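From first to last, the protein sequence lines are chains Y and E.
Position one of the first sequence corresponds to residue 6 (the numbering used here), numbered consecutively onward.
Position one of the second sequence corresponds to residue 6 (the numbering used here), numbered consecutively onward.
These notes concern the structure reproduced below.
Number of protein chains: 2
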Amino acid sequence: MASSSWLQRGNNRLQGLLLDISGVLYNSGVSGGQAIDGSVEALARLKKAHFPLRLCTNESQCSIDTLVKKLQRLGFNVQEEDIYSPIKAVKSFLIENSLRPHLLVHPDVLDEFVDIDQSNPNCVVIGDATDAFSYAALNEAFTILMNMKQPKLISLGKGRYYQETDGLKLDVGPFSKVLEYACQIEAEVVGKPSKTFFMAALAGFNINPEHFLMIGDDVVSDVGGAQACGLRGVLVRTGKYRPSDENHPQVQPDAVVNNLAQAVDSILQ
Amino acid sequence: MASSSWLQRGNNRLQGLLLDISGVLYNSGVSGGQAIDGSVEALARLKKAHFPLRLCTNESQCSIDTLVKKLQRLGFNVQEEDIYSPIKAVKSFLIENSLRPHLLVHPDVLDEFVDIDQSNPNCVVIGDATDAFSYAALNEAFTILMNMKQPKLISLGKGRYYQETDGLKLDVGPFSKVLEYACQIEAEVVGKPSKTFFMAALAGFNINPEHFLMIGDDVVSDVGGAQACGLRGVLVRTGKYRPSDENHPQVQPDAVVNNLAQAVDSILQ
């Protein structure tokens, strides 16, 4: 179990939390997914204690509105403003950089981009498109990139896979690799583990990163990404967690806990 | 245009040829594809001169029988024994290593594997599956690999893309990357540019590799792969060739020719 050093680091007392959603709050799945044991109550206790927190997700296979409703149906006390996702981040990024995307994303999130100019695309945005990752769709995105003088690919995360109720599912990362390898380019990642993304998720709290903790089930994107930004990173043994994650060659979590409930017990003690 | 050094290297006179098929003989496409200008006659002249040659392809989206018939319909004088492909190679490899594959290949080549034990798979074989590269099929292969103690992935080539009559198409390489990245493994490549594959393609000729020349439109798999085995490698400006291939950071072709016809003119002079 976790030592207490992750709660108190020198004078840096823990003052805020970033929580991953999939694999920490719930496991997604065909019929809306399933809450992870104890997570509904754990989030409720944090909210009751007014503990500063944000849900920091790489979710890009549904709109934020849909995600909020899905979590609420499972019993979570969650509002839209609690969530920071790559969809919010990439929209700002596209506008700031005058980019017109070709979208290779899940059909359910296309609506989020209706106010973005998509004519004559000068970049490709790839999200967790699941079944929309057809050969034809990947080939179309590839061809568009190859016709650009400087192919620009923006990836909503680089996760390898996630846990659904009926098994492991390929995340956006592997499909980003299709286009990276085919075009010999490197995608710009909007979402965890990008530093910009973590920093944007913390904005508005007026708390230093050193006082923040990220809890997630992805040892690289959640734990390693947060640590690289000065936050502490705690790995949960839920979601896509595998025992080998505790001996990851690059990332050493500040603590490993059985689940969110156990982490929250320690935090609110 | 090519200097003559690629025909005569010291005392090593050119004595045999390996020819790529797609992009050198023809461009594949929906209605059987299209012969590249001059290639039907060039191959006929080589055959008439009894010049030792083999068609060395990474083609894995149809059976060898289908490929032969397709080429014959386009006018090429080609028999099955002229062709060396990764399908032949991988079958020997599977049998020699007691491997039982889960096949992620084009439906049209499944028949080639009917005599191979596919029960309780201990490896995944990935070929150029084109439209069969669905999210579901990739996820299935991924799950099978993740359930193996030592995941083993065998890829029929690592090409990035090829030219069809209606545009560039993603090859097997990018989809191999999906599974490599998701499982954090490296695929074993059967096909160009693997040394084993080139050497097997030369078997039976009784000619040293130094006397052989590979002609292809893939600067890495064809030209670089052949050169790494001691052959000379010539790049054609047909198929998926792009001008930037002539300044490839790793591979410098022994010569660049406009097309197969031009190369054969020089060879038979």
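Glycine included, C-beta positions come from ideal geometry on N, C-alpha and C.
Just so we're clear, the structure is a prediction, and the values are computed from it rather than from any experiment.
F217 (chain Y) has Y:G21 as its beta-bridge partners, per DSSP. Contact annotation: P57 (chain Y) and L19 (chain Y) have beta-carbon atoms that are not nearer than 8 angstroms.
In the three-state reduction of the DSSP assignment, V114 (chain Y) falls in the helix class. If the five residues before and after Q13 (chain E) are omitted, its C-beta is found closer than 8 angstroms to the C-beta atoms of L19, all from its own chain and listed in chain order. Among the residues of chain Y, those whose CB is under 7 angstroms from the CB of K174 (chain E) are N144, following chain order. C-alpha of R105 (chain Y) to C-alpha of M151 (chain Y): approximately 16 angstroms in a straight line.
Out of E:T170, E:Q232 and E:G230, the CA that lies nearest to the CA of T243 (chain E) is found in E:T170. For D136 (chain E), the chain Y residues whose Cβ falls inside 9 angstroms of its Cβ are S139, Y140 and A141, in order along the chain. From the listed residues Y:Y167, Y:P248, Y:N252 and Y:E215, the smallest Cα separation to G28 (chain Y) is found for Y:Y167. G162 (chain Y) sits close to P91 (chain Y), with the two beta carbons spaced by under 8 angstroms. In this structure, I131 (chain Y) sits near V177 (chain Y), with a CB-CB distance shorter than 8 angstroms. When the five nearest sequence neighbours on each side are left out, the beta carbons in the same chain lying within less than 6 angstroms of the beta carbon of H253 (chain E) are those of V224, in order along the chain. By the CB criterion at 8 angstroms, M219 (chain E) and G235 (chain E) fall outside the cutoff. Between G37 (chain Y) and K75 (chain Y), the C-beta gap is smaller than 8 angstroms, which places the two residues in contact.
At a cut-off of 8 angstroms between beta carbons, Y167 (chain Y) makes no contact with chain E. By the neighbour-count criterion, in which a residue is buried when 16 or more other Cβ atoms sit within 10 angstroms of its Cβ, Q255 (chain Y) is exposed. Under the three-state reduction of DSSP output, A268 (chain Y) falls in the helix class.
Counting only runs that start and end inside the stretch 54 to 130 of chain Y, the beta strand (DSSP E) elements of at least 3 residues fall at 58 to 61 and 106 to 109.
A contact is defined here as three or more CB-CB pairs under 8 angstroms, and the stretch 39 to 49 of chain Y meets this definition with respect to the stretch 257 to 274 of chain Y. In this model, E193 (chain E) and D136 (chain Y) are separated by some 27 angstroms (Cα to Cα). In this structure, Y:Y89 is the residue among Y:Y89, Y:N32, Y:Q189 and Y:S10 with its C-alpha nearest to the C-alpha of G209 (chain Y). With respect to chain Y, the C-beta atom of Y186 (chain E) has a partner C-beta closer than 8 angstroms. Against chain Y, a Cβ distance below 7 angstroms from T243 (chain E) picks out nothing, because the smallest value is about 17 angstroms.
For the C-beta of F98 (chain E), not a single chain Y residue is nearer than 7 angstroms; the gap to the nearest is close to 23 angstroms. The DSSP-derived three-state label of V228 (chain Y) is helix. Interface annotation, P126 (chain E): not in contact with chain Y, CB-CB separation never under 8 angstroms. Cα atoms of N102 (chain E) and C128 (chain E): separation of roughly 11 angstroms, rounded to the nearest angstrom. Residue Y:V195 holds the alpha-carbon nearest to the alpha-carbon of S97 (chain Y) among Y:K52, Y:V195 and Y:V241.
Sequence-ordered contacts of the stretch 178 to 203 of chain Y with chain E read G178, P179, F180, K182, V183, Y186 and A187 [C-beta pairs closer than 7 angstroms]. When the Cα atoms are used, D227 (chain E) and G172 (chain E) turn out to be separated by approximately 20 angstroms. Secondary structure note for G238 (chain Y): its beta strand (DSSP E) is the uninterrupted segment R237 to V241.
Counting only Cβ-Cβ distances below 8 angstroms, M153 (chain E) has no contacts in chain Y at all, with the closest Cβ about 13 angstroms away. Within 8 angstroms of the CB of T148 (chain Y), the CB atoms of chain E belong to G172 and L173, in sequence order along the chain.
Cα atoms of S10 (chain E) and D25 (chain E): separation of roughly 21 angstroms, rounded to the nearest angstrom.
Per the coordinates, the alpha-carbon of D133 (chain Y) lies some 13 angstroms from the alpha-carbon of L143 (chain Y).
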